[in-house]
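Numbering (our numbering), first residue to last: 2 to 292.
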C-alpha cells in the first residue's frame, strides 16, 4: 500500500508540475501577444496622426496643379515681363501660403526654370550643376502626380521641410512645371515626440531605401539608414521584426510612399507576469502533499 501511495503521489506531483508549466507558458504567450498588439496599436495611431497632417498639404498641392489660373500662367509665361510674372506669382503663392497656413508655397517653371516663391524668384534651378535641384529632374521623370520630398527650405533659413511636389500639365499632358507647399518638419516632430514619450518607443518614417525621412532628432533626417524594408507582412498588415533583441513594427503608408517604424524594447516575461500561475501551482502541490 505504501508503494502504491507513493506512486500515486509521484504521479500527482508530476501532473501538478506539468499543469504549472502549462499555465506559465500560457501566461508568457499572452504577455508576448499583448505586447505585439500594443505596438500595433501605437503604430496605427501614429499612422493616422501623421497621415492626417499630410493629407491636407497633398490635397492643396494637387489643387494648385489643377488650378486653371496657374496652368494658364505657365503656358503664357513668355507673354509677361519678368516683373509682371514675379508680381502675379508672388501674390498667388502668398495667398496659398496664408490661406492654408503653410510654411512655404512654390512654383517652378519648366520653360524658364524659375523657382517662384511668395517672396518672388528664389532662384533659377540648375539640375546639372546644383545638387540641391536634382530632385526636380527625378520628379519630372517619375511622371508621378505628386510626391513627398524631405529637404532643407532655402527660402526659410534652410529648416527641414516636407515638400509636397505636384505635377503641372496642360490639357494635352505636356509638362509645365512643379508646384506645391511645404510643411514644417517641427510640426511632425511634435506629433511623434508626444507618442515616443507616452509609450517609451522610438518612431521613424523611412523611404523605400531605409533612409530616415522623419525623426525627432534632426541630425538623423536624410542622414541615417535604419532597416531593409523588404520584409513579410502579417495578416493584419504589419511586419513584426526582432532586431538586435528589440521589437520593431513596420507599416507601409501608401499615400506617403514611406514606411512607419516603431522600435521598442524587447518584450520579456518577468516574474510579475508568471508569479500568479507559479504560486497557484505550488499551492496545489502543497495541498496534494498534505492530503
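The beta carbon of each residue, even a glycine, is placed where N, CA and C say it ideally should be. It should be emphasised that the depicted structure is a prediction, and the values quoted were computed from it without experimental measurement.
TODO: Tell me whether the beta-carbon of residue 181 lies closer than 7 Å to the beta-carbon of residue 157.
DONE: Taking the first residue of the chain shown as position 1, residue 181 is located at position 180. Taking the first residue of the chain shown as position 1, residue 157 is located at position 156. Contact flag unset, no.
TODO: State the beta-bridge partners of residue 149 as determined by DSSP.
DONE: One-based indexing of the chain shown puts residue 149 at position 148. Paired residues: 165.
Task: Identity of the residue in 198, 85, 106 and 135 nearest residue 58 by Cα - done: Taking the chain shown and counting its residues from 1, the one referred to as residue 58 is at position 57. It is 106 whose Cα lies nearest to the Cα of residue 58.
Task: Bounding residues of the alpha helix (DSSP H) (the contiguous stretch that carries residue 124) - done: Here residue 124 corresponds to residue number 123 of the chain shown, with the count starting at 1. Element bounds for residue 124: not the alpha helix (DSSP H) but the beta strand (DSSP E), 121–125.
- [ ] Compare the C-beta of residue 179 with all C-beta atoms of chain C and state if any pair is closer than 7 Å.
- [x] Absence of chain C from the displayed structure is noted, only one protein chain being present.
Open item on the list: Quick check: the Cα distance between residue 112 and residue 183, rounded to an integer number of angstroms?
Closed with: On the chain shown, residue 112 is found 111 positions in, with the first residue counted as 1. On the chain shown, residue 183 is found 182 positions in, with the first residue counted as 1. Roughly 23 Å separates the two Cα atoms.
TODO: Spell out the partners DSSP gives residue 105 in its beta bridges.
DONE: Indexing the chain shown from 1 puts residue 105 at position 104. Answer is 183.
- [ ] Could you tell me which residues DSSP puts in a beta bridge with residue 256?
- [x] For the purposes of this step, residue 256 is taken as residue 255 along the chain shown, with counting starting at 1. Its beta-bridge partners do not exist; DSSP assigns none.
Task: Expected contact under 8 Å - CB spacing of residue 185 and residue 217 to nearest Å - done: As a working note, residue 185 is residue 184 in the chain shown. As a working note, residue 217 is residue 216 in the chain shown. Incorrect: roughly 14 Å between the Cβ atoms, too far for contact.
TODO: Would you kindly report the start and end of the unbroken beta strand (DSSP E) that includes residue 214?
DONE: Sequence index remark: in the chain shown, residue 214 carries index 213 (1-based). Unbroken beta strand (DSSP E) run through residue 214: 213–215.
Task: Residue of 79, 122 and 110 minimising C-alpha distance to residue 88 - done: The residue given as residue 88 occupies position 87 in the chain shown. Comparing Cα-Cα distances from residue 88 to each of 79, 122 and 110, the minimum goes to 122.
Task: residue 82, DSSP secondary structure in three states - done: Taking the first residue of the chain shown as 1, we reach residue 82 at position 81. Coil, per DSSP.
Task: Contact between the stretch 43–56 and the stretch 249–258 (3+ Cβ pairs under 8 Å) - done: yes
Open item on the list: Between the alpha carbons of residue 206 and residue 145, how many angstroms are there, rounded?
Closed with: Start at 1 with the first residue of the chain shown, and residue 206 comes out as number 205. Start at 1 with the first residue of the chain shown, and residue 145 comes out as number 144. Distance between the alpha carbons of residue 206 and residue 145 is about 21 Å.
- [ ] May I ask you to report which of helix, strand or coil DSSP gives residue 227?
- [x] Locating residue 227 in the chain shown gives position 226, counting from the first residue. Looking at residue 227 - three-state DSSP - the assignment turns out to be coil, as it is neither helix nor strand.
Open item on the list: Taking the beta strand (DSSP E) that residue 139 belongs to, which residues open and close that run?
Closed with: Within the chain shown, numbered from 1, the residue matching residue 139 stands at position 138. Careful: residue 139 lies outside any beta strand (DSSP E), inside the alpha helix (DSSP H) at 135–143.
TODO: Quick one: give me the first and last residue of the beta strand (DSSP E) that residue 203 is part of.
DONE: By one-based count along the chain shown, residue 203 stands at place 202. 203–207 is the extent of the beta strand (DSSP E) around residue 203.
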